[in-house]
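Going by numbering that gives the first Met the number 0, the sequence shown opens with residue 0, and the numbers climb by one from there. This report refers to the structure that appears directly beneath it.
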Amino acid sequence: MSLSAGKYDMLRFVLLVGVLGWGVSTAVIVQLIQMIMGDMSFFDGLISSLIIFPIAGILFGYSMWRAKLAKSFEG
0 MSLSAGKYDM
10 LRFVLLVGVL
20 GWGVSTAVIV
30 QLIQMIMGDM
40 SFFDGLISSL
50 IIFPIAGILF
60 GYSMWRAKLA
70 KSFEG
């Protein structure tokens, strides 16, 4: 199965910006905040955070891709 250049660019953007840039970093930040607040240790909820936030990052990255496309078509 081959991907066209546009779909490859979108997939790369969603993975880099959404999953890695937003999802993983947000998961780590949330765990650090919970550790600082004394709710739990850093590793207690890390696995669930590293699942939930990157999935939400897919949606974030895709919406940013759509916004980027809409802005490029405006002018």
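Heads up, the beta-carbon is just placed ideally off N, CA and C, and yes, glycines get one too.
Within 8 Å (strictly less), CB to CB, does F59 reach chain D?
The question asks about chain D, but that chain is absent: this structure has only one protein chain.
Measuring straight from C-alpha to C-alpha, what distance separates V29 and A69?
One-based indexing of the sequence shown puts residue 29 at position 30. One-based indexing of the sequence shown puts residue 69 at position 70. Each residue's alpha carbon lies about 31 Å from the other.
With three or more C-beta pairs closer than 8 Å as the rule, is the stretch 47-61 touching the stretch 16-29?
The stretch 16-29 is in contact with the stretch 47-61.
Length of the line joining the Cα atoms of G5 and V18
Taking the first residue of the sequence shown as position 1, residue 5 is located at position 6. Taking the first residue of the sequence shown as position 1, residue 18 is located at position 19. In a straight line, the C-alpha of G5 is about 19 Å away from that of V18.
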